[in-house]
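A.B. asks: So the sequence shown is numbered by the numbering used here: it starts at 68 and just counts up by one.
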Amino acid sequence: MNRILLILLFLFGNQTFGQSSDVILLKRNNKTIKRYFAGTAIDLTTTTGAYISANIIKIKNDSLFLKQYVIRQTPTQLGVYVLDTVTTYYYKYHYNQVKVIGKTGRRFNLSASAASLMGGGVLLTVASGVVFLVDRDKFSPALLIVSASLATVGYVMAKTGGKGMVIGKRYSLVYLGISDNKKL
């Protein structure tokens, strides 16, 4: 009986506490899109223009503590490549210093597609111009119009998409201080 009482007292007598973490919410028109907390990866551009792709170590007192890894491919003696962490950088930014957050959940690289369209369109336009100057019988005005249109579409895609979510009118960051201990 004493052993059972001792075991029950030990199991239910100890209190455990979980560490609560502060959270930063990304909102669009007052609707939460994404939550950032310790352990989350984040891509951001600061108000000074620095682009950082890092992991959040902790969020405390309105500040983001970030850790960025620099990873390179290094060859081995066997002729294969392995990934090696060259160095790590630590950053601390106030959440108001975040100007742009990278697109979330988007896997398609819009800027690469825009560059391909624009480059191909310019190349075909120049080639059509050369054909026009050299041999006007083989010149195709339809090809010139289509290639100029491709270059224009690529330029418009490059200017409008892929910039990330700019904090301002549509997007906002909200800091939620949840943790009990506010000491550094």
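C-beta: ideal position from N, C-alpha, C; glycine also.
No experiment lies behind these values; they were computed from the predicted model shown.
Look up residue 237 in the DSSP assignment and say whether it is helix, strand or coil.
C.D. replies: coil
A.B. asks: When the Cα atoms are used, what is the spatial distance from residue 108 to residue 180?
C.D. replies: Per the coordinates, the alpha-carbon of residue 108 lies some 25 Å from the alpha-carbon of residue 180.
A.B. asks: Residue range of the beta strand (DSSP E) that residue 127 falls in?
C.D. replies: 118-127
A.B. asks: Quick check: what's the CA-CA separation for residue 156 versus residue 135?
C.D. replies: 5 Å
A.B. asks: Sorted by chain position, which residues of the same chain lie with C-beta nearer than 7 Å to residue 69's C-beta, five sequence neighbours on each side aside?
C.D. replies: A distance below 7 Å between beta-carbons, with the five flanking residues on each side excluded, links residue 69 to no residue of its chain.
A.B. asks: Tell me whether the segment 179-195 and the segment 214-232 touch, counting them as touching only if at least three CB pairs, one residue from each stretch, are closer than 8 Å.
C.D. replies: yes
A.B. asks: Residue 94 lies in the beta strand (DSSP E); which residues open and close that run?
C.D. replies: 90-95
A.B. asks: Note the first and the last residue of the continuous alpha helix (DSSP H) segment covering residue 162.
C.D. replies: Counting along the chain, residue 162 falls outside any alpha helix (DSSP H), and DSSP gives it neither H nor E.
A.B. asks: Could you check the C-alpha separation between residue 239 and residue 233 for me, to the nearest Å?
C.D. replies: 8 Å
A.B. asks: Do you know whose CA, among 149, 166, 154, lies nearest residue 117's CA?
C.D. replies: 166
A.B. asks: If I'm right that residue 149 touches residue 143 with Cβ under 8 Å, what's the distance once you round it to whole angstroms?
C.D. replies: 6 Å
A.B. asks: Alpha carbon to alpha carbon, what distance is there between residue 210 and residue 195?
C.D. replies: Distance between the alpha carbons of residue 195 and residue 210 is about 7 Å.
A.B. asks: Classify residue 106 as buried or exposed, calling it buried when 16 or more other Cβ atoms lie within 10 Å of its own Cβ.
C.D. replies: exposed
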